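In order, the protein sequence lines correspond to chains E and D.
Converting from the first sequence to this note's numbering requires adding 4 to each position, the first position being numbered 1.
Converting from the second sequence to this note's numbering requires adding 1246 to each position, the first position being numbered 1.
Even glycine gets a Cβ: it sits at the ideal position worked out from N, Cα and C.
Owing to the predicted nature of the structure, the values given are computational and were not obtained by experimental measurement.
To start, the structure under review is shown below, and the notes come after it.
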Amino acid sequence: MNALPCTIYVSFTGALLALVLGSRSAMAARVVALLTALTAWGITLAAATSFVPMAGLQELVNVPWIPEFGIHYHLAVDGISLTLLVLTGLAATAGILFSWNITERTGEFFALYLALIGGVYGVFLSADAFVLFVFYEIAIVPKYFLIAKWGSTNREYGAMKLVLYSFAGSALVLAGLLWAYAAGHATGFGFTELVAATGRLDLTSQTGILALVFLGFATLAGMFPMHTWAPTGHVAAPTGASMLLAGVVMKLGAYGCLRVALPLSPAAFVLLQPWIAWLAIIGIIYAGFVALVQDDFKFVIGYSSVSHMGFVLLGLAAANPVAVSGAVLQMFSHGVIAGLLFAVVGRMVYERTHTRQLADLRALPLHRLLPFAAVVFVLAGLASMGLPGFSGFPAELTILIGTWQARPLWALAAAAGVLIAAAFTLRVIAVAFFSRTGPEREVPVAPAASHPLAPITWPEKVGALLLLGATIYLGLSPDTLLDWIRPALQSPAFHAILSGGAS
Amino acid sequence: MNADFAGLVQALRPEAHLVIGALLILAIDMVWARHRPANRHHVALALGLISLLMAGYAAATGGTRGAVYGGIFLLDPLSVATRTGVILLAVLALPLLPDSRRLRHPAEFTAILLFATTGFTLMAAANNLLVAFLALELASLSLYVLAGFDKTSPASAEAGLKYFLFGGMAAAFLLFGFSLLYGLTSTLRLDLIAAQLAQQGPTPLLFVALVMVLVAFGFKAAAAPFHLWAPDVYEGAPAPAAALIASASKLAGLVLFTRLLWGGLDSAVGTVAHGPITVGWAPVVALIAGASLLLGNIGALAQSNVRRLLAYSAIAHAGALLLGVIAAGRTGVGPLFYYAATYGLATVGAFGVIGALESAGRVQQLTDLAGLYKRSPLLAGCLAIFVLSLAGIPPLAGFFGKFAVFTSVLQLGGLSGPVGWLVILAIALSAVALYYYLLILKQALVATPAENTPPVRVTLPAAIALLVAAGLIVALGLWPSAVLGLF
C-alpha cells in the first residue's frame, strides 16, 4: 500500500536506465523496460491485495512542495485510483510485450514509453490538483516523440495533432484551476481547498470554471467534438503506444473529469449536466457510425475507442453512484479491450501483412494464416460489443442502468450505440478475418500463401493472454473492482454531486 | 547626502571585480597573449570566467545593505538576486566564445562582455535616474559592439547597426522621459520622486514622461511594437552576444524598469486588474503585453530560421513577463524574477547549443538541426530541456515561471479586469507555442541527419556550461521555492 508512490519513481528510473543501456544493446533496454513495468504492476497488485475499501482518499505522501502557493506534494489512493493503477500496470506490461520487435533506437523508445507510464501513475496517485496537472503534462511530451519517430501512416501529422489537442486541453484545465485558485482566494491546490474556493464565487464564475476544467479533461477523454485527435493519433502511433494511449492515457482525461472537475461546483454541474450527457451520446453514436464506414482496419478501432469512451463520459454525466461506478469499470474494461484490439491490428496483422486496408485484407484468408490472431480478435470483439462473460458487459450495463435512473431518454439513446458497436465490430471481424475465399478468390491468394506469414511470437502470445484473462475475469467477477469503487464514491467529495439513484 | 565611500566601495565589489578583470584581460592580451595565437582564446576565456565568478561570489555574499551612498543604489533582496543572476547568465554565455579562427580579438570580446555585465549589475541596483541611465547605456553600448563583433559576417554588422539605431532612439526617449520626471519633482532618487508625485497628483506632463519611459522599456524587453530589432539581432549576432542580449540584458532591464515603475511612479499606476480602468502606466503595459503575446506567438509560427524563431518566442515571453510586472508591486517580485531568470537560463542554453553547433557549420535554418541526436546526443538532450522549458512543460523551470506569474496576476482581481483575460489569452497561446517549439525538437530528435554531416565536437567549457544550465533548469523546476522563497 505505502509502496504505491514507488510506481512513479520506478518508472522514471527505468526510463533513465533504458536510455543508458539502450545505446549498448537493444535487448537490455527491452528487458529493463519489461522488468520495470512488471515491478510497477507488481506494486499495484500487492497494494490491491492489502487494500481496504473505504470512503475518501487514503494518504500516502503529503509534504509541502511550493509553500509560496500552498502546494503540497500530496499522493493518496482510493478504490477508483487503485482500479486505474492496476490497469496502468497491466496495459504497460502488455504494451512492452507487443513492442518487443522495435529495433530502431530501442533504448529511446522504451525510455519515452516508461516516462509516459511514470506520468500516468503520477496522475492517478495525485491528491493535489497542481501535482495532478504536473504529471498530466509530463505525460504529454513523450507521446509526441513515440508517434513521430516510431509511428506509421501520416505519423508526424498525427503526433502533432494529438499533442496539441492534449496540450490545449491541459491549458483549459490550467486556466480553470488558476481562476478558481486566484479569484476564490484558495490557500492551496488540494481538491477540497479548490472546491471551497470555487464555492465562494458567483454562479457564472462557477459555471465558467467547471466548463473550462471539464472541457479540458474531456478533450483528452475524446469527447465529441474534440475527439478528432484520437483516431488520427492512435492510428499513427506504434502498436505499444496505441495500446497505452487508447487504453490508459484517454482514461487520464476521464479520471480528471471525475476527480477534479465534477466535485468543483454542484450548482454549476446541474446546469452543464445535459450538455455533457448529450455530447457524450452524440460521441457514442457518431463515432460508431464513422467506424462503420472506415476502410482502414486501425481507424475502425480508433473510432470504436471514441465511441466506448462516450459511455464513460455518459456515466459521469448521469452522476449517480451506479452510473459513475459503471463508468470507472468501463475505464478499466475499455483499457484492456482497446489494448487487445490495437495489438491484434497493429502488431499481429499489420506487421505481417503490411496492409491495414480492409479491401486488401479481404483477399487474405487470415483466419487460416493467423488463427491465433483471429481467435484473439474475435474474443476481443465480443468483449467490445459487450457480450456477457466479458468485462464490457457489466461495465456498459451498469452505466445504462445508472443513466436510466437519471434520465431514461439518455439510456435509450446510448443503447442504440451498443447496437452500432455490434454492427461495426461484426463487420470488421467478418471482412478482415473471415472473408469468403471461394474458388474465384484462390488465385490472388496464392502469392500470400507462398510466403507464409511469420508465426506469432511468444511475447505477443503472453501479452494477448494477459489482456484476455483480465477481460474474462472481470466479466465473470465484476464485483472485484466494484467493491473498491463503490465505497470510494461515498466520500464527502463526491457526495454533493452524486445525488439520487439507488446504490 | 551622506557620502559614505566605504559603504559604496563595499557595495560595488562585484563591479570592481568585473572592471578590473576586463582591464587585465586587455592588458595581458596586448602584452603577452597576442603573440601566442594558440593560447589567446583560452587566456581570455579563463580570465573572463575567473573575474565573473569572483564578481558573482561577491554579489551573492554581499548581503542586503538597503540604501547605499545616499540612496544612489538600493541593495534589497531583488538587487542581490538579480546581480547574482545576471552574472550567472554571463558565466554561462561566455564559454560559447567561438575560437579565434572564427572570432578574431577574443580578448576584446571578453572584456566588452564584462563591461556589459557591469552595466547589468549596476542596472539591478540603481535607485537613481542618472545612475540607471548610465548603467543602461553602459550595458547597451557594450551589447551593440558585441552584436556586430563578427567581422566576417555581414549579418553581424547588420545586427549591430540595427540594434544601435533602435537602441539609440530608445535611449533618447528614456532620457527625455527622465528629464521630464526630474523637472516635475526636482530629484533623481526614486523614493523621493514617488513621494513628490504622490503629493502632486497626476499631471499631463507626467503621462508624457511615462509614455517616454515605456517606449524605452518596450525596446529593452523586446516587446511589441518595439520588437523590430529582435529577429535581426538574434539572427546576425555571434551566439554568446545573442545569448547575453536575450537573457541577462532582459533580466536586468525588467528589474530596472520594475523598480522604476513601482518604486518611482507607483502613484501613476492606474488600474487594469478590475474595472473601471483608470489611466496610468499599468493599462499601457497591459496593452504592450497583449500585443507581444499575440505577435510573438503568431509570428513564430511562420519562421523557418531557428534564431528568428527564438526571437519571436522571446517577444511572446516578453508579453508574459510584462504581465508579471503589472503584478510585481502588489503580489511580490518573486514570480517575475523567477520567470525572467529561468527564461534567461533556457535562452542562454538554446543559443549555447546553436553556438556549439556552429563550430561544425552555419546554423540558421531549422533543418540545420536535423539529426542532432546522432551528431551529438549531449547537444540534443540539452536542447530538448531548454526548448521544453521555454514551452512551459513541467517539471522544468519554465512551467513554474509561467504558473507563478499567471497566478500572481490573477490574484490581483481574478477575471474582473483585462489583465485577467490576458492571462487566459497567454495560457491559450501556450498551446500555439508548443507547436513551434516541437518543430525545433522534431528536427533535432526525430528527423534523420542529412548525408555527410560530421559529428559535432563540443568544447569542454561549452559542454560544462550547457550541462550546468540544463541542470539548473531541472533543479529549479523541482524546487521552485529555492528562488521564490528569496523574496
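Exposed unless 16 or more other CB atoms sit within 10 angstroms - verdict on residue i
{"i": "D/VAL1332", "result": "buried"}
{"i": "E/ASP206", "result": "exposed"}
{"i": "E/ALA7", "result": "exposed"}
{"i": "E/LYS147", "result": "buried"}
{"i": "E/ALA453", "result": "Here E/ALA453 scores only 48 on pLDDT, less than 50, and its place in the model is too uncertain to base an answer on."}
{"i": "D/ARG1703", "result": "exposed"}
{"i": "E/THR243", "result": "buried"}
{"i": "E/GLY504", "result": "Since pLDDT at E/GLY504 reaches only 47, below the 50 mark, its modelled position is unreliable, and the value read off the structure follows with that caveat. Looking at its Cβ environment, which holds fewer than 16 other Cβ atoms inside 10 Å, E/GLY504 is exposed."}
{"i": "E/GLN334", "result": "buried"}
{"i": "E/GLU108", "result": "exposed"}
{"i": "E/HIS76", "result": "buried"}
{"i": "D/PHE1251", "result": "exposed"}
{"i": "E/ILE501", "result": "buried"}
{"i": "E/VAL4", "result": "Absent from the model: residue 4 of chain E. The displayed extent of chain E is 5 to 507, so no value can be given."}
{"i": "D/ASN1527", "result": "Reading off the sequence, residue 1527 of chain D comes out as Trp, not Asn. Buried, by the Cβ-count rule."}
{"i": "E/SER85", "result": "buried"}
{"i": "D/MET1276", "result": "exposed"}
{"i": "E/ASN158", "result": "exposed"}
{"i": "D/ILE1686", "result": "buried"}
Spatially closest choice to residue i from the options, by CA coordinates
{"i": "D/LEU1420", "options": "D/LEU1382, D/VAL1594, D/GLY1590 and D/MET1276", "result": "D/LEU1382"}
{"i": "D/ALA1564", "options": "D/SER1402, D/THR1593 and D/LEU1547", "result": "D/THR1593"}
{"i": "D/SER1635", "options": "D/VAL1531, D/LEU1680 and D/PRO1522", "result": "D/LEU1680"}
{"i": "E/VAL253", "options": "E/LYS465, E/LEU216 and E/PHE139", "result": "E/PHE139"}
{"i": "D/PHE1733", "options": "D/ALA1279, D/ILE1271, D/LEU1321 and D/ARG1280", "result": "D/LEU1321"}
{"i": "D/ARG1329", "options": "D/THR1310, D/ASP1345, D/ILE1318 and D/LEU1340", "result": "D/THR1310"}
{"i": "E/ALA41", "options": "E/ALA59, E/VAL14, E/LYS465 and E/GLY26", "result": "E/VAL14"}
{"i": "E/VAL297", "options": "E/ALA399, E/ALA363 and E/HIS78", "result": "E/ALA363"}
{"i": "E/ALA187", "options": "D/THR1699, D/LEU1661, D/LEU1540 and D/MET1458", "result": "D/LEU1661"}
{"i": "D/LEU1334", "options": "D/ARG1505, D/ALA1489 and D/ARG1576", "result": "D/ALA1489"}
{"i": "E/MET58", "options": "E/ILE489, E/PHE149 and E/HIS499", "result": "E/ILE489"}
{"i": "E/ILE526", "options": "E/ILE403, E/GLN361, E/PRO270 and E/LEU283", "result": "Any property of residue 526 of chain E remains undetermined from this structure, which presents chain E solely from 5 to 507."}
{"i": "D/ALA1708", "options": "D/GLU1354, D/LEU1625 and D/LEU1293", "result": "D/LEU1625"}
{"i": "D/ALA1268", "options": "D/ILE1358, D/PRO1641 and D/GLN1689", "result": "D/ILE1358"}
{"i": "E/LEU224", "options": "E/ILE144, E/ASN158 and E/LYS302", "result": "E/ILE144"}
{"i": "E/LEU320", "options": "E/MET230, E/ALA284 and E/PHE336", "result": "E/ALA284"}
{"i": "E/PRO235", "options": "E/PHE195, E/VAL328 and E/GLY287", "result": "E/GLY287"}
{"i": "E/ALA426", "options": "E/GLY390, E/ASP487 and E/LEU317", "result": "E/GLY390"}
{"i": "E/PHE137", "options": "E/LEU178, E/GLY467, E/ALA115 and E/HIS78", "result": "E/LEU178"}
Residue i vs residue j beta-carbon contact at 8 Å
{"i": "E/GLY226", "j": "E/VAL310", "result": "yes"}
{"i": "E/ALA222", "j": "E/TYR117", "result": "no"}
{"i": "D/PHE1424", "j": "D/LEU1375", "result": "yes"}
{"i": "D/LEU1343", "j": "D/THR1356", "result": "yes"}
{"i": "E/LEU275", "j": "E/THR211", "result": "yes"}
{"i": "D/LEU1539", "j": "D/ALA1672", "result": "yes"}
{"i": "D/LEU1452", "j": "D/ALA1385", "result": "no"}
{"i": "E/GLY343", "j": "E/ALA119", "result": "no"}
{"i": "D/HIS1281", "j": "D/ASP1345", "result": "no"}
{"i": "E/VAL81", "j": "E/LEU49", "result": "no"}
{"i": "D/PHE1412", "j": "D/LEU1474", "result": "yes"}
{"i": "D/ALA1616", "j": "D/ALA1696", "result": "yes"}
Chain E contacts from the stretch 1515 to 1532 of chain D (Cβ-Cβ distance under 7 Å) | Listed by position, the residues of the stretch 1515 to 1532 of chain D near chain E (Cβ gap below 7 Å) amount to none.
Near-chain E residues of the stretch 1403 to 1417 of chain D (beta-carbon distance less than 7 Å), N- to C-terminal order = So nothing in the stretch comes that close.
Report the residues of the stretch 1682 to 1704 of chain D with a CB closer than 7 Å to any CB of chain E, ordered along the chain.
-> Shown in chain order are the members of the stretch 1682 to 1704 of chain D whose Cβ falls below 7 Å from a Cβ of chain E: LEU1684, LYS1688, LEU1691 and VAL1692.
Given a limit of 9 Å on CB to CB distance, which residues of the stretch 174 to 200 of chain E reach chain D?
-> Within the stretch 174 to 200 of chain E, the residues whose Cβ lies closer than 9 Å to any Cβ of chain D are, in chain order, SER174, ALA175, LEU176, LEU178, ALA179, LEU182, TRP183, TYR185, ALA186, ALA187, GLY188 and HIS189.
Mind listing which residues of the stretch 154 to 173 of chain E have their C-beta closer than 8 Å to chain D's C-betas, in chain order?
-> Residues passing the 8 Å Cβ filter: GLU160, MET164, VAL167, LEU168, PHE171 and ALA172.
Run through the stretch 112 to 192 of chain E for me and flag every whole alpha helix (DSSP H) of 4 or more residues, listed as ranges in chain order.
-> Taken in chain order, the complete alpha helix (DSSP H) segments of 4 residues or longer contained in the stretch 112 to 192 of chain E are 133 to 142, 144 to 154 and 159 to 187.
Positions along the stretch 206 to 236 of chain E whose CB lies within less than 7 Å of some CB in chain D | Of all residues in the stretch 206 to 236 of chain E, none is placed with a Cβ closer than 7 Å to any Cβ belonging to chain D.
Every unbroken alpha helix (DSSP H) within the stretch 1345 to 1420 of chain D, with a cutoff of 4 residues, ordered by chain | Considered as a whole, the stretch 1345 to 1420 of chain D harbours 1352 to 1371 and 1375 to 1393 as its complete alpha helix (DSSP H) runs of no fewer than 4 residues, in chain order.
Using Cβ-Cβ distances below 8 Å, what residues of the stretch 249 to 271 of chain E are close to chain D?
-> Cβ proximity to chain D below 8 Å picks out nothing from the stretch 249 to 271 of chain E.
The stretch 62 to 88 of chain E: which residues have C-beta closer than 7 Å to a C-beta of chain D, in chain order?
-> Listed by position along the chain: ILE70, PRO71, GLU72 and PHE73.
What residues from the stretch 1597 to 1623 of chain D come within 9 Å of chain E, judged by C-beta to C-beta, listed N to C?
-> Answer set for the stretch 1597 to 1623 of chain D: TYR1619 and PRO1623.
Using Cβ-Cβ distances below 8 Å, what residues of the stretch 353 to 379 of chain E are close to chain D?
-> Across the stretch 353 to 379 of chain E, no CB contact with chain D closer than 8 Å is found for any residue.
At a Cβ cut of 9 Å, what residues of the stretch 127 to 138 of chain E count as close to chain D, listed as they run along the chain?
-> Within the stretch 127 to 138 of chain E, the qualifying residues are PHE134, PHE137 and VAL138.
Going along the chain, which residues of the stretch 1575 to 1600 of chain D sit with their C-beta nearer than 8 Å to a C-beta in chain E?
-> Within the stretch 1575 to 1600 of chain D, the qualifying residues are GLY1580.
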